[in-house]
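Peer 1: Before we start, here is the structure in question, set down as structure tokens.
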Amino acid sequence: MTLLAQDRSLIQARKLLAKVLFEYTMDNKTEGRHLSQQNLAMLAGISWDMVHASLLSLQNEGAVRIERHRMVVNRDFLQNVIGVSGK
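For the sequence shown, my numbering assigns the number 559 to the initial residue and increments by one for each residue that follows.
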């Protein structure tokens with residue numbers, strides 16, 4: 559029962575984080591701006607641990623790529639995660 563709750567919690571955290579990343583990257587002025595995992599946790603309303611686990615999950619699936627202090631976001635993939643249809 560606990561594992562099922564943890565799975566649901568991670569799925570919800572991934573969706574919240576994906577939504578924050580998607581909305582954040584909609585702003586054309588985000589290039590070069592720094593957003594820490596702590597900032598992401600605050601914006602998504604989830605713990606840093608959940609941000610970390612969610613980022614690893616999203617990275618493994620190809621939604622994000624983390625390179626040194628830079629994150630490359632696949633917006634199409636994030637749209638699928640959060641259930642937003644394309645423009």
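Even glycine gets a Cβ: it sits at the ideal position worked out from N, Cα and C. Owing to the predicted nature of the structure, the values given are computational and were not obtained by experimental measurement.
1. How many Å lie between Asn618 and His592 at the Cα?
2. May I ask you to report which of helix, strand or coil DSSP gives Lys645?
3. Does DSSP put Ile624 in a helix, a strand or coil?
4. Quick one: using the 10 Å Cβ neighbour count with 16 as the cut-off for buried, is Ser594 buried or exposed?
5. Measuring only the C-alpha atoms, how far is Ala611 from Leu568?
Peer 2: Looking at the coordinates:
1. Asn618 and His592 have their C-alpha atoms spaced approximately 22 Å apart.
2. Residue placement at Lys645 cannot be trusted, given a pLDDT of 48 that sits under 50; what the coordinates show is reported in the next sentence. In the displayed model, Lys645 falls within coil according to three-state DSSP, outside both helix and strand.
3. The answer is strand: DSSP assigns Ile624 an E or B state.
4. Here Ser594 is exposed: its Cβ has fewer than 16 other Cβ atoms, across all protein chains shown, within 10 Å.
5. Approximately 8 Å, taken between the alpha carbons.
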